[in-house]
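Protein chains in written order, with the working numbering: chain A, 5 to 121; chain B, 2 to 117.
Ideal Cβ placement from N, Cα and C applies to all residues, glycine included.
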Amino acid sequence: AQKITQTQPGMFVQEKEAVTLDCTYDTSDQSYGLFWYKQPSSGEMIFLIYQGSYDEQNATEGRYSLNFQKARKSANLVISASQLGDSAMYFCAMREGSTGANSKLTFGKGITLSVRP
Amino acid sequence: GAGVSQSPSNKVTEKGKDVELRCDPISGHTALYWYRQSLGQGLEFLIYFQGNSAPDKSGLPSDRFSAERTGGSVSTLTIQRTQQEDSAVYLCASSPLGVVLQETQYFGPGTRLLVL
Numbered sequence: 005a006q007k008i009t010q011t012q013p014g015m016f017v018q019e020k021e022a023v024t025l026d027c028t029y030d031t032s033d034q035s036y037g038l039f040w041y042k043q044p045s046s047g048e049m050i051f052l053i054y055q056g057s058y059d060e061q062n063a064t065e066g067r068y069s070l071n072f073q074k075a076r077k078s079a080n081l082v083i084s085a086s087q088l089g090d091s092a093m094y095f096c097a098m099r100e101g102s103t104g105a106n107s108k109l110t111f112g113k114g115i116t117l118s119v120r121p
Numbered sequence: 002g003a004g005v006s007q008s009p010s011n012k013v014t015e016k017g018k019d020v021e022l023r024c025d026p027i028s029g030h031t032a033l034y035w036y037r038q039s040l041g042q043g044l045e046f047l048i049y050f051q052g053n054s055a056p057d058k059s060g061l062p063s064d065r066f067s068a069e070r071t072g073g074s075v076s077t078l079t080i081q082r083t084q085q086e087d088s089a090v091y092l093c094a095s096s097p098l099g100v101v102l103q104e105t106q107y108f109g110p111g112t113r114l115l116v117l
């Protein structure tokens with residue numbers, strides 16, 4: 005079974021509008037962390053936002069916020085006031101457990117976001 | 002400060018040849034990771050280093066793949082007898098400790114490998 009599922013193949017949003025990128029995850033660990041990364045066409049992976057499984061509040065970082073619904077195992081990224089520079093591939097990732105042996109990130113297949121002027 | 006660097010940025014090789022990919026992590030970062038990004042498979046974990054040792058090699062796809070890290074710094078990923086299915090972007094990442102759940106991994110620009 006896939007640990008991270010991102011089913012939206014491609015998303016379009018009008019500049020200045022908000023957009024939600026979906027991510028569901030699967031884990032039996034009680035302690036885990038969820039990450040979102042952005043990958044522009046240049047190829048570098050840019051960290052956006054983190055949500056821990058024990059965090060009671062949804063994470064926010066500037067125009068990025070995370071809609072974390074633990075019971076549904078979803079961690080959707082919300083981008084407010086979209087800008088042309090937000091056009092990129094977006095990856096949801098998970099780290100399970102809190103020990104070094106589980107340090108790797110497991111990534112979803114990504115979502116392509118295109119912002120229209 | 003300097004970020005994660007990788008070399009070469011692009012590598013074209015012939016099937017059956019060996020290749021070495023290099024990663025220079027952020028100075029002082031204890032943890033180092035290799036991932037592979039290919040069109041059909043997305044981003045896949047390959048190996049994780051804590052210092053010079055590799056507690057997790059579970060993602061290496063075959064015994065043609067190996068990696069080492071020396072001096073707690075530079076890492077080399079070696080692919081022997083390359084196959085066309087090895088064509089991908091190989092990404093390296095580092096993080097300060099590796100054992101903290103919320104720790105961000107910082108990625109390098111990747112090495113784009115093409116096996117003809």
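Measure the Cβ-Cβ separation of V5 (chain B) and S67 (chain B) and say whether it is below 8 Å. At the C-beta level, V5 (chain B) and S67 (chain B) stay beyond 8 Å of one another.
Measure how close the beta-carbons of Q10 (chain A) and C27 (chain A) come, nearest whole angstrom, since I'm counting them as under 8 Å. Indeed, because the Cβ distance is near 6 Å, the residues count as touching under 8 Å.
Hey, does L117 (chain A) have any beta-carbon neighbour from chain B nearer than 8 Å? Cβ-Cβ to chain B under 8 Å: no for L117 (chain A).
Just the C-alpha distance for K77 (chain A) and G17 (chain B), rounded to the nearest angstrom, thanks. Whole-angstrom Cα-Cα distance: 44 Å.
Would you verify that the beta carbon of P97 (chain B) is, or is not, closer than 8 Å to some beta carbon of chain A? Answer no: the Cβ-Cβ gap between P97 (chain B) and chain A never drops below 8 Å.
Name, in chain order, the residues that DSSP records as bridge partners for C96 (chain A). Partner(s): A:W40.
Beta carbon proximity, T83 (chain B) to chain A, threshold 8 Å: No, T83 (chain B) lies away from the interface with chain A (no Cβ there is under 8 Å from its Cβ).
Have a look at P121 (chain A) and P44 (chain A) and give me their C-alpha separation to the nearest angstrom. P121 (chain A) and P44 (chain A): Cα-Cα distance of roughly 17 Å.
Could you give the DSSP three-state label for E120 (chain B): helix, strand or coil? Residue coverage of chain B in this structure runs from 2 to 117, which leaves residue 120 (chain B) outside it and unanswerable.
Within this structure, are the beta carbons of S69 (chain A) and G37 (chain A) separated by less than 8 Å? No, they are not a contact pair.
Give me the Cα-Cα distance between K108 (chain A) and F46 (chain B), rounded to the nearest whole angstrom. A direct Cα-to-Cα measurement between K108 (chain A) and F46 (chain B) gives close to 7 Å.
Nearest neighbour of Q7 (chain B), chosen from B:E15, B:V20, B:C24, B:T14 [CA to CA]: Each of B:E15, B:V20, B:C24, B:T14 was checked against the Cα of Q7 (chain B), and the nearest Cα belongs to B:C24.
Which bits of chain A does Q106 (chain B) rub up against, with CB to CB less than 7 Å? What Q106 (chain B) touches in chain A: L109.
Backbone CA spacing between G72 (chain B) and G47 (chain A) [nearest angstrom]: So the two alpha carbons sit approximately 28 Å from each other.
Note down, in chain order, each residue of its chain lying with its Cβ closer than 6 Å to the Cβ of L22 (chain B), except the 5 sequence neighbours on either side. Same-chain partners within the cutoff: L78, Y91, T112.
For F16 (chain A), count neighbouring Cβ atoms within 10 angstroms of its own Cβ and tell me buried if that reaches 16, exposed if not. It counts as exposed.
Strictly under 8 Å for the Cβ-Cβ distance: is G66 (chain A) near chain B by that measure? For G66 (chain A), the nearest beta carbon of chain B is not closer than 8 Å to its own beta carbon.
Chain-ordered chain B contacts of K77 (chain A) [CB-CB under 8 Å]: Close partners of K77 (chain A) in chain B (Cβ separation under 8 Å) are lacking, with about 17 Å as the shortest Cβ gap.
Out of B:C93, B:S63, B:T31, which has the shortest C-alpha to C-alpha gap to Q38 (chain B)? Looking at the Cα atoms, B:C93 is the closest of the given residues.
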